[in-house]
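Below you'll find the structure, written out as structure tokens, and then a few comments.
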Amino acid sequence: MSRLRPSPSQTVGPFYHFSLTVTEALGCMTGPVARGERIRIRFRLFDGAGAPVPDGMVELWQADSAGKYDHPADTQEKAADPGFCGFGRLATDAGGACVFDTVRPGPTPDGSGGCQAAHISVTVFARGLLRQLVTRLYFEGDPALADDPVLKLVPAERRGTLLARRDAAGVWCFDIRLQGPDETVFFEI
Amino acid sequence: MKIYPLPREGDHPPLLHSPYAATVRRAPSMPPIPLPHTLSELTGPLYGHNPIGETDNDLTRQHAGDPLGERIIVSGRVLDEDGRPIPNTLVEIWQANASGRYFHVVDQHPAPLDPNFSGSGRTMTDEDGNYRFVTIKPGAYPWRNHPNAWRPAHIHFSLFGPCLITRLITQMYFPGDPLMPYDPISQSIRDDSARERLVSQFDRDLTVPEWALGYRWDIVLRGCEATPFEEPK
């Protein structure tokens, strides 16, 4: 059977807000009864000149605090937390920033009997990006980082771009640099 | 577990396409690192994160009056690369009005807003992967990327599909648009046949007499290779 070819990607452009990010409700992924450690994450998006990207869109996808994805392909024998939504989506503001409230995800299986360190899948869209970019957010200080099979694929000197760091107020901060010397590691998935 | 082969060269535009000026400072310079697919990629947001409203798929009925412009029906199927329909997946669209103006504060094109048209729609595909929108044919608009730059008429589409890997944001174009050869965004897709996959076709059967012209556009998302042991759904 001849396979079809996929529809090519095109940029999200600068005018998506009135459709995709009408409300900021998708910045809050925790219901009042979500289990686990509640965290706040501030993303900032920068271009190759170090300027903030004020018209980007950030999407998050993550497991709940027990490491379970709310999806039929996750066949781990535990129920997904009904108080938690694993999906988040926000536009960046004039300073290139957006802030999500979520829970710290649990570790998830790596598909070959091992474990992945707690992480959040981050997808970035923007005017000027003809395709989305996919990266991962890990948590600085997590002892499981050393054994994470995906981080091991990343040259040691670039792994720091995948780590969120906690500021004095307890907010996790994750800067995404699209281009340049400290360019964030992006993945082909 | 399902296996999703990587896209082929030419399936998608390159990130850096300098005729589209905004790519120059935003396209990463390092190649992406191939990521073996784990549960994190083989899952993804599945269902509408907001309930679908009654007029969400009819952009001509979202206000008190009728919008100006040419009423059209845009319909098609969402398929995987094996031609299997993708049911119950969210399709979101947004577009300019008939004058080529977006309902957006950043859009300063001196063309009129239409109080009866917002230009945002959403729907779920049915069991056979079908979607259908009623809307207005969007106008072309200038965008200052280069001298005398105009975007061809287009509708933005956003789809999730079964998992994170299948996520797609793209644009649907109209057949015979004379602006397309001058448009660096659509021309960033270098392969002619790949670019043609974003062009809808006028469909007389979809057209409703005395009411609206029909355009058909099928969308193909990344597909997985079914292993011989996998039971067909």
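As you go down the protein sequences, you meet chains A and B in turn. Residue numbering for the first sequence is 0 to 188, as defined by numbering that gives the first Met the number 0. Residue numbering for the second sequence is 0 to 232, as defined by numbering that gives the first Met the number 0. The C-beta atom is built at its ideal place from N, Cα and C for all residues, glycine as well.
CB contact below 8 Å: residue i versus chain B
i        : result
Ser64/A  : no
Leu162/A : no
Phe173/A : no
Asp46/A  : yes
Pro5/A   : yes
Leu89/A  : no
Enclosing beta strand (DSSP E) for residue i [first to last residue]
i        : result
Ile85/B  : Ile85/B -> no beta strand (DSSP E), and no H or E assigned at all.
Arg121/B : Ser119 to Met123
Leu212/B : Leu212 to Arg215
His153/B : His153 to Leu158
Ser74/B  : Arg70 to Leu78
Ser120/A : His118 to Ala125
Val133/A : Leu132 to Phe138
Trp60/A  : Gly55 to Trp60
CB contact below 8 Å: residue i versus chain A
i        : result
Gln107/B : no
Glu230/B : Any reading at Glu230/B needs caution, since the residue's pLDDT is 46, under 50, leaving its predicted position unreliable; the model's value is listed next. No, no contact with chain A.
Ile184/B : yes
Gln170/B : yes
Val219/B : yes
Pro227/B : Confidence is the limiting factor: at Pro227/B the pLDDT is only 47, short of 50, which leaves the residue's position unreliable and the question unanswerable from this model.
Asp55/B  : no
Glu8/B   : no
Tyr214/B : no
Span of the alpha helix (DSSP H), counted from its first residue to its last, around residue i
i        : result
Gln170/B : Premise fails: Gln170/B lies in the beta strand (DSSP E), Leu167 to Tyr172, not in any alpha helix (DSSP H).
Asp100/A : It is not in any alpha helix (DSSP H) - Asp100/A instead sits in the beta strand (DSSP E) that spans Ala96 to Val102.
Ser192/B : Asp191 to Glu195
Glu40/B  : Leu38 to Leu41
Ile175/A : Note, Ile175/A: premise wrong, no alpha helix (DSSP H); beta strand (DSSP E) at Trp171 to Arg176.
Phe116/B : It is not in any alpha helix (DSSP H) - Phe116/B carries neither H nor E in the DSSP assignment.
Phe240/A : Since the first and last residues shown for chain A are 0 and 188, residue 240/A lies out of range.
Ile184/B : Pro183 to Gln186
Residue nearest to residue i in terms of C-alpha spacing, selected from the options
i        : options                                  : result
Phe156/B : Arg83/B, Thr165/B and Val90/B            : Val90/B
Pro53/A  : Thr29/A, Arg126/A and Asp80/A            : Arg126/A
Ala163/A : Gly26/A, Leu19/A, Ser6/A and Phe42/A     : Phe42/A
Ala26/B  : Leu44/A, Ser64/A and Ala24/A             : Leu44/A
Ala211/B : Asn144/B, Ile154/B and Ile135/B          : Ile135/B
Pro151/B : Phe116/B, Ser192/B and Met179/B          : Met179/B
Leu15/B  : Thr10/A, Pro106/A, Ala116/A and Tyr15/A  : Thr10/A
Asp46/A  : Phe186/A, Gly113/A, Phe138/A and Thr91/A : Thr91/A
Contact belief for residue i with residue j at Cβ below 8 Å, rounded distance in angstroms
i        : j        : result
Asp63/A  : Gly30/A  : Actually they are not in contact, since the Cβ atoms of Asp63/A and Gly30/A sit about 11 Å apart, beyond 8 Å.
Asn49/B  : Phe132/B : That belief does not hold up - the Cβ atoms of Asn49/B and Phe132/B are roughly 17 Å apart, past 8 Å.
Val121/A : Val184/A : Rounded, the Cβ-Cβ distance is 11 Å, inconsistent with contact.
At least three beta-carbon pairs within less than 8 Å, the region 165–176 of chain A to the region 127–146 of chain B: no
Stretch pair the region 99–109 of chain B + the region 52–71 of chain B: three plus CB contacts closer than 8 Å: no
Contact the region 36–54 of chain B vs the region 59–71 of chain A: 3+ CB pairs below 8 Å: yes
Three CB pairs or more closer than 8 Å across the region 71–91 of chain A and the region 20–28 of chain A: yes
Segment contact flag, the region 20–37 of chain B with the region 142–160 of chain A, C-beta cutoff 8 Å, min 3 pairs: yes
At least 3 beta-carbon pairs within less than 8 Å: the region 123–132 of chain B vs the region 69–88 of chain B: yes
At least 3 beta-carbon pairs within less than 8 Å: the region 191–203 of chain B vs the region 170–178 of chain B: yes
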